[in-house]
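Quick note on numbering: the sequence shown equals residues 0 to 344 in numbering that gives the first Met the number 0.
All residues carry an ideal CB built from backbone N, CA and C; glycine is no exception.
A quick write-up on the structure given underneath.
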Amino acid sequence: MTTVAFPSRKPQTPKEAVFRQDLNVRLGCPDCRTYKLVEEFSSGDLVCGTCGLVIGDRIVDTRSEWRTFAGDEGDDPSRVGGPSNPLLNGVETFETIISFKDGNTGVARDLNRAATRAATKSGEKSVAAAFLSIQDMCDTISLPRTVTDIAKQLFRRADEEKLLRGKQIDAVIAACIFIACRQSKVGRSFKEVVALTRVPKKQIGQCFKALSAAFETSAVGGGGALNTDTGESSGAGAEDLMARFCSHLGLPYYVQSGAKRIAITQREIGILAGRSPISVAGACIYFASHLFGCGKSAKDIAKIAGVSEVTIKIAYKLLHPQREELAEPEKLANGTCSLDRLPAP
């Protein structure tokens, strides 16, 4: 079978204008001969916008009904339902109920069955339930809406391509949320995401690796490979955790800024290479808080970061010998920070 190329469209020659009678009916004001008419639905009148002459009355209001009447107080006056979700193809707002009062003809029963099939086909109900779980989990750890939408898109794609058939839904959801955090560069650790579910972190790590390979997102957000035994991802990401940790600890902004600079400097030197971003962030905050005279104990930082106190102290022990390189010379000179405040490791 031979294929024939679609012929290119030839330019059309302009046709000569032919006189035709204007049959449009235009309603105008008989007094001032203008066509600027205004519909006043509050009074039901059709009024000329120029001279104010009432041309018609008892016009029907075709707009949405927003009034409330006795006995209907508290009801939602909206007649169009909630906003549609493009990820669900409108299924989550399909709430039409077919009445059974049809005179015993059986038509309503058939319509009800057809509506039920339309609402439950293609497994949309399970996807809608998963989207609700994603929304609840993201709200629990205060993730922005962009992360929630990306996680929903990832889950939709994983469901359509059947990438993780047989895996627990919560594990797939947690993996999608963690990937969405990386793509949006929102600082959330793997342990925080694991804590949202009751699924073993090893299974979530397997789902994460499978989705990262399928979506080609392994290098997104500055993260590296995920260690399913420790539940941490290698690579640079400690700076993304600083703002949240310092906020929970009640530290001022200049301490947060100093901790970020220490994290960047130590990465350039390679002091804490190979350690998890959480332990790096905790050690840098511990270093900076004492450096600026707002010392926080390793126990308090460990409680916020979700790591052991020993882990932070071991990382700090590696930072302490390089303290002169990690501190800013300008702030040392003006007395904002002092190396004498640093505790001995």
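Exercise. Go through its chain and collect everything with a Cβ distance to A209's Cβ below 7 Å, but skip five positions before and after it.
Key: Within the same chain, A209 has close Cβ partners L162, L163.
Practice problem: Quick one: grab the DSSP three-state call for D21. | Solution: Taken through DSSP and simplified to helix, strand or coil, D21 comes out as coil.
Exercise. In the DSSP assignment, find the alpha helix (DSSP H) that holds I172 and state where it starts and stops.
Key: Going by DSSP, I172 is part of the alpha helix (DSSP H) stretching over 168 to 182.
Quiz prompt | Test item: CB-CB of C137 and V171 under 8 Å | solution = By the CB criterion at 8 Å, C137 and V171 fall outside the cutoff.
Quiz item: By DSSP, does T227 sit in helix, in strand, or in coil?
Solution: Confidence at T227 is low in this model, with a pLDDT of 46, below 50, so the placement of that residue should be treated as unreliable; the coordinate-derived value is given next. Looking at T227 - three-state DSSP - the assignment turns out to be coil, as it is neither helix nor strand.
Quiz prompt | Residue range of the unbroken alpha helix (DSSP H) whose run includes I261 | solution = Counting along the chain, the alpha helix (DSSP H) containing I261 begins and ends at 252 to 268.
Practice problem: Check the DSSP bridge columns for C47 and list the partner residues they point to. | Solution: Looking at the DSSP assignment, C47 forms a beta bridge with L36.
Practice problem: Decide if Q255 is buried, meaning its Cβ has at least 16 other Cβ atoms within 10 Å, or exposed. | Solution: With 16 or more neighbouring CB atoms inside 10 Å of its own CB, Q255 falls in the buried class.
Quiz prompt | Secondary structure of I203, DSSP reduced to three states | solution = It is helical.
Quiz item: When we look at the beta-carbon of I176 and count the other beta-carbons within 10 Å, is it buried (16 or more) or exposed?
Solution: Answer is buried; the Cβ neighbour count reaches 16.
Self-check item: Local conformation of V53 per DSSP, three classes
Solution: V53: strand per DSSP, three-state reduction.
Practice problem: Identify, in the order they occur along the chain, each residue of the same chain with its Cβ nearer than 7 Å to the Cβ of A297, setting aside the five sequence neighbours on each side. | Solution: If we look at A297 and ignore the five residues flanking it on each side, its Cβ neighbours are Y285, E308, I311, K312.
Quiz prompt | DSSP state of K161 mapped onto helix, strand, coil | solution = Judged by DSSP in its simplified three-state form, K161 adopts coil rather than helix or strand.
Quiz prompt | E323: first and last residue of the uninterrupted alpha helix (DSSP H) it sits in | solution = Start and end: 322 to 325.
Quiz prompt | Inter-residue spacing [alpha-carbon to alpha-carbon] between I168 and D158 | solution = Taking the straight line joining both Cα atoms gives about 10 Å.
Self-check item: Integer-rounded CB distance, given that L318 should sit under 8 Å from I263
Solution: Actually they do not touch by this definition, with Cβ atoms about 13 Å apart.
Quiz item: When we look at the beta-carbon of F291 and count the other beta-carbons within 10 Å, is it buried (16 or more) or exposed?
Solution: With 16 or more other Cβ atoms within 10 Å, it is buried.
Quiz item: Can the beta-carbon of K151 be found closer than 8 Å to that of I140?
Solution: Their beta carbons are not under 8 Å apart, which means K151 does not touch I140 by this criterion.
Quiz item: Would DSSP call E308 helix, strand or coil?
Solution: Here E308 sits in helix by DSSP.
Self-check item: Local conformation of I149 per DSSP, three classes
Solution: If DSSP states are grouped into helix, strand and coil, I149 belongs with the helices.
Quiz item: How is the alpha helix (DSSP H) around A128 delimited, first residue to last?
Solution: Following the DSSP letters along the chain, one finds A128 inside the alpha helix (DSSP H) bounded by residues 123 to 139.
Quiz prompt | Member of A272, S246, A287, L250 whose CA lies at the smallest distance from the CA of K259 | solution = Comparing alpha-carbon positions, the option among A272, S246, A287, L250 lying closest to K259 turns out to be A287.
Quiz item: Just the Cα atoms here: how many angstroms apart are D339 and A128?
Solution: Each residue's alpha carbon lies about 56 Å from the other.
Quiz item: DSSP on A113, reduced to helix/strand/coil?
Solution: When secondary structure is reduced to three states using DSSP, A113 falls in the helix class.
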